[in-house]
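A short write-up of the structure that comes next.
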Amino acid sequence: MLELTPRALRLLDCYDDGEEARHFRLRIEQPQAGDRAVIPGQFFMLGLPGLGEAPFTYVSPPNGAGEFSALIRRSGRLTAQLFERTPGAVFGYRGPFGKGWPLLLGARRVLVVAGGCGLAPLAGWIEEALRHPAPPHVRVLYGARHAAAQVLERERARWRAALPLIETLDQGGAEALRGSPLAQLDRLFAEEVPQVVLCCGPEGFMLAIAKACVRRGVAVDSIWLSVERRMHCAVGLCGHCYIADSYACVDGPTYRYDHYLTLLARGNGRGALGELGVGPC
Ligand SMILES: Cc1cc2nc3c(=O)[nH]c(=O)nc-3n(C[C@H](O)[C@H](O)[C@H](O)COP(=O)(O)OP(=O)(O)OC[C@H]3O[C@@H](n4cnc5c(N)ncnc54)[C@H](O)[C@@H]3O)c2cc1C
Ligand code: FES
14 MLELTPRALR LLDCYDDGEE ARHFRLRIEQ PQAGDRAVIP GQFFMLGLPG LGEAPFTYVS
74 PPNGAGEFSA LIRRSGRLTA QLFERTPGAV FGYRGPFGKG WPLLLGARRV LVVAGGCGLA
134 PLAGWIEEAL RHPAPPHVRV LYGARHAAAQ VLERERARWR AALPLIETLD QGGAEALRGS
194 PLAQLDRLFA EEVPQVVLCC GPEGFMLAIA KACVRRGVAV DSIWLSVERR MHCAVGLCGH
254 CYIADSYACV DGPTYRYDHY LTLLARGNGR GALGELGVGP C
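Counting from 14, one number per residue, gives the positions in the sequence shown under our numbering.
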């Protein structure tokens with residue numbers, strides 16, 4: 014059934030978590046059985062009366078009481094209004110939508126790479142991997158512009174105790190970790206070549222990371238990205254989120270790298286993946 018009618022979503026509390034970013038604890042009023050079936054990487058639509066809706070990912074999935082959290086950056090009209098709301102405020106909720114990250118229970122060596130707020134869609138996957146009875150060896154490479162721009166401070170503090178978390182800053186911080194996450198790949202690959210790479214951040218950043226990983230020996234079909242497109246209906250009806258013939262709201266937002274390149278090439282009217290740097294790169 015297409016989920017087009019919003020349900021009530023209550024703001025429980027919130028705290029600042031990064032520059033112009035805030036961590037929101039929310040509750041779906043009158044939760045339903047299917048609400049808990051969120052796969053990390055999926056998204057929901059949050060609506061404000063008179064301002065429409067925007068998509069956001071779950072940092073933690075809904076629990077039995079319908080409570081979950083999201084990390085939201087102030088970027089335009091809707092998010093600016095959201096930042097003005099106080100606990101008790103009620104919004105519209107539709108979801109979950111799209112395809113989440115693959116669960117990869119068979120993979121033993123996973124590299125998670127995030128840039129800026131791109132850490133939010135990966136948080137649920139990291140938590141799930143850590144809870145697994147036989148967790149894979151997960152390393153997280155996280156890049157931000159400077160220390161104040163880093164998000165998910167509480168989650169990162171917990172992860173630091175459980176897995177290798179490599180945090181780079183474009184400006185400031187320790188010299189060895191200054192610059193782009195790309196600069197850390199040689200060292201990380203010398204320690205261990207990942208079987209699988211999950212990546213989320215600005216599109217150019219993800220494509221650069223994916224290409225660098227392929228060059229270092231990761232198979233193109235073992236890299237996953239989460240892409241952002243403008244979304245309205247979120248259920249494959251309006252066509253706002255088209256990437257070639259794929260609806261990002263239904264087929265994405267997570268895409269396997271080789272599939273995504275095929276879509277980009279098709280959208281550009283080009284057929285060969287080699288033109289986009291896949292293959293002998
Ligand atoms: C699947 C998905 C998951 C998302 N998850 C999160 C999340 O967890 N946290 C979060 O803070 N944001 C997330 N976003 C982004 C968020 O939905 C947008 O920033 C949203 O437009 C904010 O609404 P607004 O009215 O405040 O800003 P708008 O007025 O809509 O836009 C502000 C600025 O962002 C640009 N913009 C908006 N949407 C996009 C887009 N899709 N691609 C490129 N540029 C865009 C606009 O052109 C404008 O410059 C996600 C987007 C998608 C598609
Ligand atoms: S947002 Fe309407 S088709 Fe994807």
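Cβ coordinates follow ideal geometry from the N, Cα and C atoms, glycine included.
- Environment of ligand 2, chain-ordered: M244, H245, C246, A247, G249, L250, C251, G252, H253, C254, Y260, C262, taking every residue with Cβ within less than 6 Å of a heavy atom.
- Here S239 is buried: its Cβ has 16 or more other Cβ atoms, across all protein chains shown, within 10 Å.
- Looking only at F56, T18, G65, the smallest Cα-Cα distance to L84 is reached by F56.
- Between P100 and L22, the gap from beta carbon to beta carbon reaches 8 Å or more.
- Going by DSSP, W138 is part of the alpha helix (DSSP H) stretching over 133-144.
- L124 is a Cβ neighbour of P207, given a cutoff of 8 Å.
- S88 is classed as exposed because its beta carbon has fewer than 16 other beta carbons within 10 Å across all chains shown.
- In the three-state reduction of the DSSP assignment, Y71 falls in the coil class.
- In the DSSP assignment, D26 forms a beta bridge with R38.
- P215 and R107 have their alpha carbons spaced roughly 25 Å apart.
- The beta-carbon distance between D29 and R35, rounded to whole angstroms, is 6 Å. This is short enough to meet the 8 Å contact definition.
- Relative to ligand 1, F56 has its C-beta within less than 7 Å of a heavy atom.
- Check the Cα spacing between L15 and each of G79, E32, Q43, P109: the tightest is with P109.
- Distance from the CA atom of E97 to the CA atom of G54, rounded to whole angstroms, is 27 Å.
- Distances from the CA of L91 to each of G105, A67, K112 were compared; the closest alpha carbon is that of A67.
- The stretch 196-206 and the stretch 167-176 do not touch, with fewer than three beta-carbon pairs separated by less than 8 Å.
- Contact between P44 and A78 holds, with the beta-carbon distance rounding to 7 Å and staying under 8 Å.
- Separation of P177 and Y260 (C-alpha to C-alpha, rounded to the nearest whole angstrom) is 35 Å.
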